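One structure is given here, and the rest of the page talks about it.
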Amino acid sequence: MVGKEPKVSIGLPVFNGENYLEKAVDSVLSQTYRDFELIICDNASTDRTEEICRRYAAADDRVRYYRNPRNLGASPNYNRTFELSSGEYFKWLAHDDIIAPAYLERCVAALDREPDAAAAQPLVGMIDAKGDVLSIHNGVQRAASPRVSERFAHLIKLPRDNWEVFGLIRRETLAQTALHAPYSWSDVALTVEVALLGRFTLVPEPLFFNRDHDERFSRTALFDRKKCWEWWTNSGQAASFIQLCPTWQLHADYVRIIRKHVASPWVRSRLYLTLLGHLCQRFTLSRLIVEPITAAAPGLLTTGRRVKRLLRSRKPADFHAEEVGARPEVRK
Numbered sequence: 038m039v040g041k042e043p044k045v046s047i048g049l050p051v052f053n054g055e056n057y058l059e060k061a062v063d064s065v066l067s068q069t070y071r072d073f074e075l076i077i078c079d080n081a082s083t084d085r086t087e088e089i090c091r092r093y094a095a096a097d098d099r100v101r102y103y104r105n106p107r108n109l110g111a112s113p114n115y116n117r118t119f120e121l122s123s124g125e126y127f128k129w130l131a132h133d134d135i136i137a138p139a140y141l142e143r144c145v146a147a148l149d150r151e152p153d154a155a156a157a158q159p160l161v162g163m164i165d166a167k168g169d170v171l172s173i174h175n176g177v178q179r180a181a182s183p184r185v186s187e188r189f190a191h192l193i194k195l196p197r198d199n200w201e202v203f204g205l206i207r208r209e210t211l212a213q214t215a216l217h218a219p220y221s222w223s224d225v226a227l228t229v230e231v232a233l234l235g236r237f238t239l240v241p242e243p244l245f246f247n248r249d250h251d252e253r254f255s256r257t258a259l260f261d262r263k264k265c266w267e268w269w270t271n272s273g274q275a276a277s278f279i280q281l282c283p284t285w286q287l288h289a290d291y292v293r294i295i296r297k298h299v300a301s302p303w304v305r306s307r308l309y310l311t312l313l314g315h316l317c318q319r320f321t322l323s324r325l326i327v328e329p330i331t332a333a334a335p336g337l338l339t340t341g342r343r344v345k346r347l348l349r350s351r352k353p354a355d356f357h358a359e360e361v362g363a364r365p366e367v368r369k
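According to this note's numbering, the sequence shown is numbered sequentially starting from 38.
Here is the structure:
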């Protein structure tokens, strides 16, 4: 954009994304709302990503392409797209997701209409590798409550998909957060931090489409903590003990976020009590217990998975299929 800053900035961090990158960029350039910039940060890709990005940047001056001299890790690369942006509203877009042509038009209108909202979020469609819609989800309503305590209580629940981090967010709100930290689920902490600063406004249309495919991070590395650490940071350094315990890191971040953004002693006490109740739930408590043990003895985690696979292989085929089909969708 020459002469003025765009109203909207879209940050697209990517590493070796030639498989779906063009579809993501095309969905941005097809927007009915035109006042935007697309910032692509290439994390030193080794496939055709650079070629694809340079072609788009040469054809449309709204596309700004940056290539890192080395792979910084996913977390710094996500943050860099925001740091390079200038729009009043900001959105992250993964290279394998797409947005409907009316996404920006509807979400910008919602934020312009509701100045007390920190972010706008439409309904979410799940698509497969071919782009066919598998399902539509409206779970994003959990972030729309006018009460801080209700937003906090909903957003800290795990496991769950975290689509809110891909909403259209006010720049001034994101600037008050810690952005993405180098550990799994730091995007959940970021969403909670945004939600403590303001409510989400909902756009009741399926305009954001999250792609489920075999190569996505949640299928290849999310449950391998060492790979997660390397994916988020690529620092070349071995992960410390606490860095292999993302549940502990996440809940420590919750405490930091409450202390930073909640001034009222009454509201702060209520959020702490909510967090304490969450910590006492079986799922959270088991992760808090197991993570330090498996971080100290990684072989236990591998053995446990082998036993689990063995037990599943002994179940009747129909029961096994039912169990797998009922498994919650893993967030991106």
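Just so it is clear, CB atoms sit at the ideal spot from N, CA and C, and this is done for glycine as well.
Fair warning: this is a prediction, and the values are worked out from it, not measured in the lab.
Closest in alpha carbon position to histidine 288, among Ala61, Phe189, Ala212, Asn116, is Phe189. Asparagine 114 is classed as buried because its beta carbon has at least 16 other beta carbons within 10 Å across all chains shown. Within the same chain, and ignoring the five residues on either side of asparagine 116 in sequence, the residues whose Cβ sits closer than 7 Å to its Cβ are Leu216, His217. Per the C-alpha coordinates, the member of Tyr70, Pro159, Ser123 positioned closest to proline 243 is Pro159. The beta-carbon separation of lysine 128 and phenylalanine 203, rounded to 7 Å, stays under the 8 Å limit for a contact.
The C-beta distance from phenylalanine 237 to alanine 155 rounds to 7 Å, short enough to meet the 8 Å contact threshold. Its Cα nearest to that of arginine 99, the residue Asp63 stands out among Leu227, Asp63, Ile326, Pro106.
Distances from the alpha-carbon of valine 229 to those of Asp290, Arg208, Pro241 put Asp290 closest.
Uninterrupted alpha helix (DSSP H) stretches at least 4 residues long and entirely within the segment 163-200 occur at 185-192, given in chain order. Boundaries of the alpha helix (DSSP H) around threonine 118: 111-120. Arginine 208 is positioned such that its CB atom lies no closer than 8 Å to that of aspartate 134. Here proline 302 is exposed: its Cβ has fewer than 16 other Cβ atoms, across all protein chains shown, within 10 Å. By the CB criterion at 8 Å, glycine 124 and valine 225 fall outside the cutoff. Each residue's CA atom was taken as its position, placing alanine 81 and arginine 91 some 14 Å apart. Comparing alpha-carbon positions, the option among Asp97, Ile193, Tyr309 lying closest to valine 65 turns out to be Asp97. In this structure, the CA atom of leucine 313 is about 24 Å from the CA atom of threonine 331. Beyond the five residues adjoining it in sequence on each side, alanine 147 comes within less than 6 Å, by CB distance, of Ala157, Thr238, Val240 in the same chain, given in chain order. The Cβ atoms of arginine 104 and glutamate 87 sit closer than 8 Å to each other.
DSSP places aspartate 79 in the strand class (E or B) of the three-state scheme. Per DSSP, threonine 238 is one residue of the beta strand (DSSP E) stretching across 236-248. Aspartate 79 sits away from tyrosine 57, with the two beta carbons spaced by 8 Å or more. For tyrosine 102, the uninterrupted beta strand (DSSP E) run begins and ends at 100-104, by DSSP.
DSSP places proline 50 in the uninterrupted beta strand (DSSP E) bounded by 45-51.
DSSP places leucine 130 in no beta strand (DSSP E); its state is neither H nor E. When secondary structure is reduced to three states using DSSP, arginine 92 falls in the helix class. Excluding five sequence positions before and after proline 183, the CB atoms of its chain that fall closer than 8 Å to its own CB belong to Arg236, given in chain order. DSSP places arginine 207 inside the beta strand (DSSP E), whose first and last residues are 205-207.
The residue among Leu234, Ser186, Ala212, Gly162 with its C-alpha nearest the C-alpha of tryptophan 200 is Gly162.
Valine 161 has His174, Phe245 as its beta-bridge partners, per DSSP. In this structure, Leu211 is the residue among Ser323, Leu211, Phe246, His250 with its C-alpha nearest to the C-alpha of leucine 234. Excluding five sequence positions before and after phenylalanine 73, the CB atoms of its chain that fall closer than 8 Å to its own CB belong to Pro43, Lys44, Val45, Ser46, Ile47, Val65, Arg99, Gly124, Leu141, given in chain order. A straight-line Cα-Cα distance of about 15 Å links proline 106 and threonine 118.
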